[in-house]
Amino acid sequence: MKQLTVLKVALATLMISAACPAQTVTTFIGPNIHIDDCLVMDTAGNIYGSNWMGSAVYKVTPAGEISVYMDGFNTPNGLVFDDAGNLYVADHLANRVYKVTPDSVRTQYGPPLSTPSGLIFDPLSDTLYVAQYGVDRISKLAPDNTLTTYLSGGSLNGPVGMAFDENHTLYIANYNDGKVFRVTDGTLEPLNQVPGTSFGAAGFLAYAGGNLYATSIGRHKIYQITLDGELSEFAGTGVPGLLDGPADSARFYNPNGIMASPDGSKLYISDFNTQALRVISDIPTGIRTDLSGQPLDGFELAQNYPNPFNPSTRIRFRIPAARRVGLKIYDISGKHIATLLDAYLPSGEHQIDFDAGSLASGIYVYQLRAGGYTEMKKMILLK
906 MKQLTVLKVA LATLMISAAC PAQTVTTFIG PNIHIDDCLV MDTAGNIYGS
956 NWMGSAVYKV TPAGEISVYM DGFNTPNGLV FDDAGNLYVA DHLANRVYKV
1006 TPDSVRTQYG PPLSTPSGLI FDPLSDTLYV AQYGVDRISK LAPDNTLTTY
1056 LSGGSLNGPV GMAFDENHTL YIANYNDGKV FRVTDGTLEP LNQVPGTSFG
1106 AAGFLAYAGG NLYATSIGRH KIYQITLDGE LSEFAGTGVP GLLDGPADSA
1156 RFYNPNGIMA SPDGSKLYIS DFNTQALRVI SDIPTGIRTD LSGQPLDGFE
1206 LAQNYPNPFN PSTRIRFRIP AARRVGLKIY DISGKHIATL LDAYLPSGEH
1256 QIDFDAGSLA SGIYVYQLRA GGYTEMKKMI LLK
């Protein structure tokens, strides 16, 4: 009989700062590519951007080739992918959220709701958080179409940007006044305020390397906010324009969308005015280490031990942030043998004890999937 045990390995960790070179701003593609709003990336590295001033969501390949991914929206705003590769689009003035499958089939997701703007999935569930700009609200949309109010009124003032850190803490930024909040036990805690103008303050929000990053659409700058609430200018001179170079001398023109690369080393920015896709490289990161100094950041699937084994073996893996994790066993021909794990797990190291007593000797493959990360390794069962 197969037995499965999930254990979280407790490790003392230390946060240290990684030395890195000065940040550089480049233009990946553009101007005039019609992308002026939210940005997201799929597991293949393609970037998707919404066109608030139009009706389409565009796709940009890693080679810089751009195409219309889906048209027919009113004012496409926030974007987010789920673990199955479905894209969700906040159609702001249509008062709808749409789901677009990998086969480009579009359906309405959930009931109508007023002025949806930002979208983000809870990393520990299938719940979609929806910022509602015009009614100063954050709602939760469950897979069964149940819509509930999570936060409303108070200090919310045109919320759009949202981000989770690796500890499952939600952060929210107001577009209108630039105020950024940490959500603790369903309560807004002020963190800091992104400067803005009458045109707007905080466009969108991203989390990378232990810090928050916000676009100031009115001030033509990118700001960094530490989780302790310290605000600093990160990129842009404040003079509007399209100029690459060192971050402190580069120019943006109403920077709006912002997205971190999967490894957190780059920030992608959409310029609202120029409709160019910009990249800030060499983002500072925090390195998590155990007491022996070994890095803990990033995904890792370890070789099972013992290997060869009979009949039990242990599989260890590490995830840098809370994710839905799948661990499956296949035979050498690719036939699915067993699913050891399909659950949401917190960040850190985990292990599975696998009993193959009912299986024949041979070579097997175990595959780990966590968000957009996939890795496989072989193991040998000898009886």
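Be aware that the sequence shown starts at 906, since it is given in the numbering used here, and climbs by one per residue.
C-beta: ideal position from N, C-alpha, C; glycine also.
Exposure of Ile1237 is indicated by the presence of fewer than 16 other C-beta atoms within 10 angstroms of its C-beta.
Taken through DSSP and simplified to helix, strand or coil, Tyr1080 comes out as coil.
Judged by their CB atoms, Tyr1038 and Ser1060 are not nearer to each other than the 8 Å cut-off. Restricting attention to beta strand (DSSP E) runs no shorter than 3 residues, the segment 1061-1134 encloses them at 1064-1069, 1075-1079, 1084-1089, 1092-1098, 1107-1113, 1116-1121 and 1126-1131, ordered along the chain. DSSP places Tyr1173 within a strand segment (E or B) once states are collapsed to three.
Pro981 and Gly954 have their C-alpha atoms roughly 9 Å apart. Val1040 carries a helical assignment under DSSP once its states are collapsed to helix, strand and coil. Beta-bridge analysis with DSSP links Met975 to Val962. Only buried fits Ser1175, as 16 or more other CB atoms lie within 10 angstroms of its CB. DSSP lists Tyr1003 as the beta-bridge partner residues of Gln1013. Nearest neighbour of Tyr1118 by Cα position, chosen from Phe1157, Gly1101 and Ala1068, turns out to be Ala1068.
Boundaries of the beta strand (DSSP E) harbouring Tyr1235: Arg1228 to Asp1236, taken from the DSSP string. Taking C-alpha positions only, Ala1155 is separated from Tyr1014 by approximately 40 Å.
If you draw a straight line from the Cα of Ala999 to the Cα of Phe1026, it is about 21 Å long.
The C-beta separation of Leu1287 from Ser1266 comes to about 6 Å, placing the pair in contact by the 8 Å criterion. When the five nearest sequence neighbours on each side are left out, the beta carbons in the same chain lying within less than 7 Å of the beta carbon of Ala1226 are those of Pro1028, Glu1071 and Ser1252, in order along the chain. In the DSSP assignment, Lys1283 falls within the unbroken beta strand (DSSP E) covering Tyr1278 to Leu1286. Boundaries cannot be given for Thr1020, as no beta strand (DSSP E) includes it and DSSP labels it neither H nor E. When DSSP states are grouped into helix, strand and coil, Ala1165 belongs to the strand group. Burial is judged here by how many other beta carbons sit within 10 angstroms of a residue's own beta carbon; Phe1104 has fewer than 16 and is exposed.
When secondary structure is reduced to three states using DSSP, Tyr1158 falls in the coil class, being assigned neither helix nor strand. Just measuring C-alpha positions, the residue of Ala1165, Asp1031 and Ile1257 sitting nearest Ser1186 is Ala1165. Here Val930 carries a strand assignment [DSSP, helix/strand/coil]. Its Cα nearest to that of His1255, the residue Val1230 stands out among Ile1268, Ala1047 and Val1230. Only residues of its own chain outside the window of five on either side were considered, and among them Gly935, Pro936, Asn937, Ile938, His939, Ile940 and Asp941 have a CB closer than 7 Å to the CB of Gln1180, listed in chain order. Between the alpha carbons of Gly950 and Pro967 lies a distance of about 6 Å. Secondary structure at Leu984: strand, using DSSP grouped into helix, strand and coil. Secondary structure of Gln1180 (DSSP, three-state): coil. Here Phe1086 is near Pro1095, since their CB atoms are less than 8 Å apart. Assignment of Ala1047 by DSSP, reduced to helix, strand and coil, places it in the coil class. When secondary structure is reduced to three states using DSSP, Thr1032 falls in the coil class, being assigned neither helix nor strand. DSSP places Gly1059 in no beta strand (DSSP E); its state is neither H nor E. When secondary structure is reduced to three states using DSSP, Ile1224 falls in the strand class.
Contact between the segment 1137-1154 and the segment 1202-1220 is absent, with fewer than three C-beta pairs closer than 8 Å.
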